[in-house]
Amino acid sequence: MTDINIDKRSKISYDKQVQQQLRSLIARGLMRKGTDLPQPELLAKELEIETSMVESAYRLLEKEKRVTYQNETWKVSIASIPKIFFEEFISIYDSIIKNAKSTPSIKTLEIDLEKHVKGNMALSLGQNTALHTKRIYYGNEVPFVFANIYFPAGRFPHLEDELKKDQPYFKNMNALYGVKLSKSTRTMKGLNLRKKEAEYLGVPEGTAAYLTVVKNFDEEGRVFEISEVYGISDVMHFTIEQDE
Amino acid sequence: MNYVSINKLSSKPIYVQLADSFRFAIKKHQLKQNDHLPTEEELCKKFEISNIVVKQAYQLLSEEGLITRIQGKGTFVRSVPVLDVDFHDFKDIENRFRALGTTKSINLIDIVSDHDLAFSALLLEEGEEAYRLILTSMYFDVPVYSVELIMPTQSFPKLESVFQNPNASVVGLAKSFYGLNISSSTHDLSMENLNNADSKQLHVEPNDAAYVIRSVYFDDQKKPVFYSNTIFPSEYLLFNSTVVIS
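If you read the sequences in order, they're chains A and Z. Residues in the first sequence are numbered consecutively from 13, following my numbering. Residues in the second sequence are numbered consecutively from 21, following my numbering.
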């Protein structure tokens, strides 16, 4: 039923062992958000430990906000896009599949062919107008991230038709426009979500969130795409291990 | 305003030149925290440039976190610069703040017998005891982050007399005073809304977004030794990373 093993010779108590292994399964995306945890009695029986030990493990995970108890069932409440999003080039769509092990879908909210942009956006794109679109990326129909995406206006004719398909467009950029990605930079900061972005992500206004600005460069070193990606901690959770 | 230099013959856009001048003056401390920057009118008049150019320059600097614009009051050099840290260098954050000139002070030392996440991470049972220390790091008179340390009394006896210098490394203290070799650590980063107590301590609004880094430090046997919970209000810190496609 599970990948949990109890080491009865270990000094670590049984509830901590269960807690740690479940935490790891959740963090690695092997137990998805919304997944039911086994009933404590059943898991206890399988592991040959007291039911109270499993219940205690679940309560510890509840304190960590990794699981919730609803309608007499324990459920995983975290699905995450871990740090791989920062370390490798991986699109949000692929990250939802690979890291969060969820079924992705996309909703394109609006497309503006000539949006006026200023500041760093204009400087990076090298012009004051951009093709702009707003998209929500879902994993198992739960909103994962909301993104404002900008391309230099006029550079990619008919890209709007691609965007309207509610599909990932990135892999087609080379085939359609001969654009090859050479470098991607990400800058992440924290903020309180404004009303609109909070609505898109289905959370209360003011919820703390990450805003990651992704800039993609072509082989000539020009920026051909900038995305402002909003995500809350529940789906963007980062763990780093290091040697001292 | 003699720190501003503009060359109208240069191919570099004027707003970029203007932003460069201010950035340089801030770096060289010709402009200090909370200093008032010239108004748009003053700059337009002196350099015979349009106010759009000045607006663009100030917008760039404001996006970079160097200045802040307050409606009706003017434009100021920010009291705390925004720290830009490589995403992989969690460990570097405190050193980077220190390089800016922040100093830590001890707000509290007490002993606790429960602490949700720390006790579970340190494999302590409820009822066992640990020191809890709360430190605040200040940039002049602005608190920029706080650190809560949970250090089991069994491993760190008499910590209250040993822990004299809040600016020294805790890993170093563990080794030199207690012979504990910290060989690895895990750091869990999340973005959270601040509770009332933390926001008060950090002089920001309740519910403001903050980075929370929960760290566990392990010895060479992979046994957890101590725990820290560091809270950085989001306004002072951003992370960056670059992925080069080969």
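Ideal placement from N, C-alpha and C gives every residue a C-beta, glycine not left out. Here the structure is a predicted model, which means the values were calculated and not measured.
Handout entry: Cβ neighbour criterion (16 or more within 10 Å) applied to residue 151/A
Key = The residue given as residue 151/A occupies position 139 in the first sequence. Buried: at least 16 other Cβ atoms inside 10 Å.
Exercise for the section: Pull up the CB-CB distance for residue 132/A and residue 83/Z, whole angstroms please, since I reckon it's below 8 Å. Expected result: One-based indexing of the first sequence puts residue 132/A at position 120. One-based indexing of the second sequence puts residue 83/Z at position 63. Residue 132/A to residue 83/Z, Cβ: 5 Å. Contact.
Exercise for the section: Taking residue 152/Z as part of the beta strand (DSSP E), name the residues at either end of that continuous run. Expected result: In the second sequence, the residue the question calls residue 152/Z occupies position 132. Note, residue 152/Z: beta strand (DSSP E), 150 to 159.
Exercise for the section: Taking a Cβ distance cut-off of 9 Å, strictly less, list which residues of the region 237 to 265 of chain Z are near chain A, in chain order. Expected result: Against chain A - using a Cβ distance shorter than 9 Å - the residues of the region 237 to 265 of chain Z are 237, 238, 252, 253, 254, 255, 257, 258, 259, 260, 261, 262, 263, 264, 265.
Problem - Residues bridged to residue 228/A [DSSP beta-bridge criterion] - result: Position 216 of the first sequence, counted from the start, is the residue given in the question as residue 228/A. Partner(s): 196/A, 237/A.
Practice task
Report the three-state DSSP secondary structure of residue 26/Z (helix, strand or coil).
Solution key: The residue given as residue 26/Z occupies position 6 in the second sequence. DSSP places residue 26/Z in coil when its eight states are reduced to three.
Exercise for the section: Go ahead and pull the three-state DSSP assignment for residue 98/Z. Expected result: Taking the first residue of the second sequence as 1, we reach residue 98/Z at position 78. Correct three-state label for residue 98/Z: coil.
Practice task
Determine the chain Z residues that contact residue 198/A at a beta-carbon separation under 9 Å, and present them in chain order.
Solution key: Mapped onto the first sequence, residue 198/A falls at position 186. 107, 259, 260, 261, 262, 263, listed in chain order.
Handout entry: Option nearest residue 107/Z by Cα separation, candidates 265/Z, 247/Z, 239/Z, 233/Z
Key = Counted from its first residue, the second sequence places residue 107/Z at position 87. That would be 233/Z, whose Cα lies nearest to the Cα of residue 107/Z.
Practice task
Can you grab the Cα-Cα spacing for the pair residue 13/A / residue 247/Z, in whole Å?
Solution key: Within the first sequence, the letter at position 1 stands for residue 13/A. Within the second sequence, the letter at position 227 stands for residue 247/Z. Caution is warranted here: a pLDDT of 47 is assigned to residue 13/A, below 50, making its placement in the model unreliable, and the coordinate value is therefore given only provisionally. About 33 Å.
Problem - Separation of residue 227/Z from residue 39/Z, as counted between CA atoms - result: Position 19 of the second sequence, counting from 1, holds the residue named residue 39/Z. Position 207 of the second sequence, counting from 1, holds the residue named residue 227/Z. Their Cα atoms are separated by approximately 33 Å.
Exercise for the section: Indicate the three-state DSSP secondary structure (helix, strand or coil) for residue 250/Z in the structure shown. Expected result: Position 230 of the second sequence, counting from 1, holds the residue named residue 250/Z. Strand.
Problem - Neighbour flag for residue 269/Z against chain A, beta carbons, 9 Å - result: The structure shown does not extend to residue 269/Z, since chain Z is modelled only from 21 to 266, so the question has no answer here.
Exercise for the section: Give the residues from the region 208 to 223 of chain Z that approach chain A closer than 7 Å (Cβ to any Cβ), ordered along the chain. Expected result: 208, 209, 210, 211, 212, 213
Handout entry: Reduced DSSP secondary structure (H/G/I, E/B, other) of residue 115/A
Key = Here the question's residue 115/A lines up with position 103 in the first sequence. Looking at residue 115/A - three-state DSSP - the assignment turns out to be coil, as it is neither helix nor strand.
Exercise for the section: Check residue 21/Z in the structure and name its three-state DSSP category. Expected result: Numbered from 1 along the second sequence, position 1 holds the residue referred to as residue 21/Z. The answer is coil: DSSP assigns residue 21/Z none of H, G, I, E or B.
Practice task
In the DSSP assignment, find the beta strand (DSSP E) that holds residue 126/Z and state where it starts and stops.
Solution key: The residue you call residue 126/Z lines up with position 106 of the second sequence. Here the beta strand (DSSP E) through residue 126/Z covers 123 to 132.
Exercise for the section: Could you work out which residue in 244/Z, 119/Z, 43/Z, 175/Z is closest to residue 158/Z when comparing CA atoms only? Expected result: Locating residue 158/Z in the second sequence gives position 138, where the first residue counts as 1. Selected option, being the one with the closest Cα: 119/Z.
Exercise for the section: Go ahead and pull the three-state DSSP assignment for residue 125/A. Expected result: Taking the first sequence and counting its residues from 1, one reaches residue 125/A at position 113. Strand.
Problem - residue 254/Z classed as buried or exposed, judged by whether at least 16 other C-beta atoms fall within 10 angstroms - result: As a first step, residue 254/Z must be located in the second sequence, where it is residue number 234. By the 10 Å Cβ count, residue 254/Z comes out buried.
Handout entry: Start-to-end residues for the alpha helix (DSSP H) that takes in residue 161/A
Key = To locate residue 161/A, count along the first sequence from 1; it is residue 149. No alpha helix (DSSP H) holds residue 161/A; the beta strand (DSSP E) holding it covers 154 to 164.
Problem - Which residues DSSP lists as bridging residue 244/Z, in chain order - result: The residue you call residue 244/Z lines up with position 224 of the second sequence. In the DSSP output, where bridge partners are listed per residue, residue 244/Z has 238/Z.
Handout entry: Cβ neighbours of residue 196/A in the same chain (closer than 8 Å, five flanking residues each side left out)
Key = To locate residue 196/A, count along the first sequence from 1; it is residue 184. So the qualifying residues of the chain are 101, 226, 227, 228, 229.
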